[in-house]
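Structure record follows, encoded as C-alpha cells.
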Amino acid sequence: MKIRKTLLLGTFTFALAANSYATNGYFSHGYGAKSKSMAGACVAMAFGAMCGATTNPASLAVMGNRLDYGLAWFAPRGGVTAGDEAFFTSQKHYESAHDWFIIPHLSYNRMLDKNQSFGVFISTHRGINTEYGTPVFSQFSDPALPKTPATSTAGLNMNQVFMGLSYSRKLTERHSFGITPIFAIQTLDVQGLQPFQPFSVFPNNVTDHGTDISFGGGLRVGWLGKITDYLTLGASYQTPLWMSPFHDYKGLLAEEGKFNIPANFNLGLALRVTPEITLAVDYQRIEYGDINAMSNASDLVFTPGQTLLGTKNGLGFGWEDMDILKFGVEWKYSPDLTLRAGYSRAGNNAFPETQSLFNYLLPGIVKTHYSIGLGTPLSKQVEFNIAFTYAADEKMDDYRDTAISQTGTTLEQEQFEIVFSWGIAF
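So the mapping is simple: the numbering used here equals the position in the sequence shown, first residue as 1, plus 8.
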C-alpha cells in the first residue's frame, strides 16, 4: 500500500512539472540516473526500471519487483548572435530566459510470476524551451504587407509527456520479449512570428494562441538475449506516435498542424569483461526526417502572396534523422560503491546550417555528451544513484546567400544535467 501511494503521488507530481532533458534533437539522451551516467547505453543492461520501460521493455522480465524515482536539474546555455549581415533582426546576442529546470521521473515494475512482469512509467521530452524576451524577427516582413511586424517576444514552449503500460515475458531462460503501448500528450505555445502570417494558408493560426494540446499514442517492442554468460544483446523499436494536430497552430506547422512524434530504434550489447566491470555499446536512430513539420525545408524563397506555411510541403524546421553511438562502463568497485561513465556522439546535428530560420526557437544542436555517475546501497532494498552529464558546447554559423538573404547568425548551445535517483527492490 505504501508503494502504491508513492507511485500515485509521483505520477501526479510528474504530470504537472515542466520537464526537459539533455538532448539528441529533442529526445533525451537517457532515462534515469543509471542510464544517464552511462550516456544512455542501456538497451542490453537490465539494471533499472526507468531504462527498461522507456528503452527496452524486454529487460523488465529479468529485473524483479522495482520502483525507480528521482529528480534532475537541467540547465541549457546558449542563444543566437545576429551579425552585421543579419537581415531579419537587430544585430545583437539573444539569450533565452529559461535557463534551468527541475524534472522528476518515475517507473514501476511488478513480477506477475517468475516469467512475466507488468510495469508503468511516465517520461517526458521537452528538448528545448526558448523565451528570448524580445521580438527576434523584428525586421522580417512581407514587402507587400509591411505592417505585419513582430509584436510579441519570440519563443517556443513544447512539452511531450508519455505514459506507458509494459508487459514483459521470458521466452526461455536466456531470452525475453516486452511490449509497451504508449499514450502521449504534447503541448505547444509559439510567440513572436507575426511577420510570417502573410505567408500562411491559415494566417490567423500562426502565432500567439497560447498553449495548444495534442493527444495520441503508439507502441514500443523490445528483445533481450543473454547470448553467453558474458555477452547480452538487446534491441527495441518504437513506432511513430500518431498525434492529433495542433489546430491553433495549423497555419505554422506543415500538414495543417500535424506533429507526430518520430519512430526510433535501438541496438545494444553489454559485455561483462570481469565480474566487476561491464562495457555497454548502443546505437540509436531517431527518424525526425519522417515528420513533415520537422523535416520540411526552411530555406525556401519568400515571394509576396505565396503560401509557404501550413501546407503539406510547407515550411518546416529542416530536421534530419539522427544516428547516435553510446558507450558506457559500469565498475562495481565494492559492495558499497558502483562507478559509471559514458560518452555519446551523434553523427550529425538535428538540422544542417542552411535550415536555421525557425530553429532559433528550437536550437537543438548539441551532438556530444559526457557522463559520470555512481550508485550506493542505502539498505538491503534501497539504493541511491547520481549522474552528471555535460553536453559539449556546439556552434552553428548560418551565412546563406538565398532569396531570404544572408542570415548572418550564429547558434550556440551547451547543456548541464545532474540526476538524483532512488531505487527500491521489493
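The C-beta atom is built at its ideal place from N, Cα and C for all residues, glycine as well.
Distance, Cα to Cα, residue i vs residue j?
i, j, result
"Ala-162", "Thr-286", "46 Å"
"Tyr-291", "Leu-79", "26 Å"
"Gln-199", "Gly-141", "10 Å"
"Ser-115", "Phe-434", "14 Å"
"Met-119", "Gly-127", "9 Å"
"Trp-231", "Ile-130", "21 Å"
"Glu-338", "Asn-64", "18 Å"
"Trp-327", "Leu-370", "11 Å"
"Gly-318", "Ser-306", "13 Å"
"Leu-386", "Asp-220", "43 Å"
"Gly-336", "Pro-270", "25 Å"
"Ala-354", "Tyr-34", "13 Å"
"Met-71", "Pro-189", "20 Å"
"Lys-375", "Asp-331", "10 Å"
"Tyr-341", "Leu-347", "7 Å"
"Asn-2", "Asp-121", "Past the edges of the chain, shown from 9 to 434, lies residue 2, and the structure says nothing about it."
"Phe-210", "Leu-179", "52 Å"
Could you please give the first and the last residue of the uninterrupted alpha helix (DSSP H) stretch that includes residue i?
i, result
"Gly-40", "40-45"
"Ala-192", "Segment 183-199 is the beta strand (DSSP E) holding Ala-192; no alpha helix (DSSP H) there."
"Gly-336", "Run containing Gly-336: none in the alpha helix (DSSP H); it sits in the beta strand (DSSP E), 330-342."
"Ala-265", "For clarity, residue 265 is Gly in the given sequence; the question names Ala instead. Unbroken alpha helix (DSSP H) run through Gly-265: 262-265."
Where do the ends of the beta strand (DSSP E) carrying residue i lie?
i, result
"Ser-387", "First-last for Ser-387: undefined, no H or E at that position."
"Asn-167", "163-178"
"Ala-354", "345-354"
"Asn-272", "272-280"
"Thr-418", "417-433"
What do you get for residue i, buried or exposed, if any count of 16 or more other CB atoms within 10 angstroms of its CB means buried?
i, result
"Arg-74", "buried"
"Gln-423", "buried"
"Ala-411", "Unreliable placement is indicated for Ala-411, whose pLDDT of 39 sits below 50; no coordinate value is reported for it."
"Gln-194", "buried"
"Pro-283", "exposed"
"Val-427", "buried"
"Asp-237", "exposed"
"Ala-436", "Residue 436 falls outside the range modelled here, since the chain spans only 9 to 434, and no answer is possible."
"Glu-181", "exposed"
"Lys-388", "exposed"
"Asp-76", "buried"
Please look up how many angstroms separate the CB atoms of residue i and residue j, rounded, as I've assumed it's under 8 Å.
i, j, result
"Ile-373", "Asn-356", "About 10 Å; that fails the 8 Å criterion."
"Leu-196", "Tyr-257", "6 Å"
"Gly-226", "Val-51", "Going by Cβ atoms, the distance from Gly-226 to Val-51 rounds to 18 Å, so no, they are not a contact pair."
"Asn-393", "Ser-429", "5 Å"
Nearest to residue i by alpha carbon, out of the options?
i, options, result
"Gly-62", "Ala-288, Ser-303 and Val-229", "Gly is not the amino acid found at residue 62; the sequence shown has Thr there. The candidate whose alpha carbon is nearest that of Thr-62 is Val-229."
"Ala-69", "Ile-187, Thr-31, Ala-83 and Phe-82", "Ile-187"
"Leu-419", "Gly-242, Leu-365 and Thr-376", "Leu-365"
"Thr-362", "Pro-253, Gly-383, Val-390 and Met-404", "Met-404"
"Gln-168", "Ala-192, Ser-176, Pro-157 and Glu-181", "Ala-192"
"Gly-172", "Trp-108, Met-58, Ala-278 and Ile-394", "Met-58"
"Thr-159", "Gln-205, Gly-259 and Phe-325", "Gln-205"
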